[in-house]
Amino acid sequence: MFATSRMQAIRRLSTLSAQVRTVSTMKEAIVTKGPSVEIIDSPIPKPAPGQVVTKIAFSGSNPKDW
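Anchor point for the sequence shown: position 55 equals 59 in this note's numbering, and the numbering is continuous, going up by one each time.
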């Protein structure tokens with residue numbers, strides 16, 4: 005059972021990894037005084053040695069924090 009679950013997990017990670025590699029842009033929120041928010045498409049940064057890039061699915065922002 006463990007071997008089957010492990011193989012399924014490896015296949016899933018492989019599929020997700022391929023999906024991530026095909027995406028070249030991300031959404032970026034630019035917050036300025038006012039407050040004013042502009043959502044733009046930006047290139048996904050390439051990690052330097054010793055760094056990682058994470059995928060954020062959901063994020064929140066509170067105007068009181070600006």
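Even for Gly, the Cβ is constructed at its ideal location relative to N, Cα and C.
Contact check, Ile-43 vs Lys-31, beta carbons under 8 Å: By one-based count along the sequence shown, residue 43 stands at place 39. By one-based count along the sequence shown, residue 31 stands at place 27. Cβ distance < 8 Å, so Ile-43 and Lys-31 count as in contact.
Nearest-angstrom beta carbon gap, Ser-46 and Thr-29 [assumed within contact, 8 Å]: Residue mapping note: residue 29 aligns to position 25 of the sequence shown, counting from 1. Residue mapping note: residue 46 aligns to position 42 of the sequence shown, counting from 1. Going by Cβ atoms, the distance from Thr-29 to Ser-46 rounds to 6 Å, so yes, they are a contact pair.
Those residues which DSSP pairs with Lys-31 across a bridge: The residue given as residue 31 occupies position 27 in the sequence shown. DSSP lists Asp-45 as partners of Lys-31.
Separation of Arg-15 from Ser-9, as counted between CA atoms: Here the question's residue 9 lines up with position 5 in the sequence shown. Here the question's residue 15 lines up with position 11 in the sequence shown. So the alpha carbons of these two residues sit roughly 10 Å apart.
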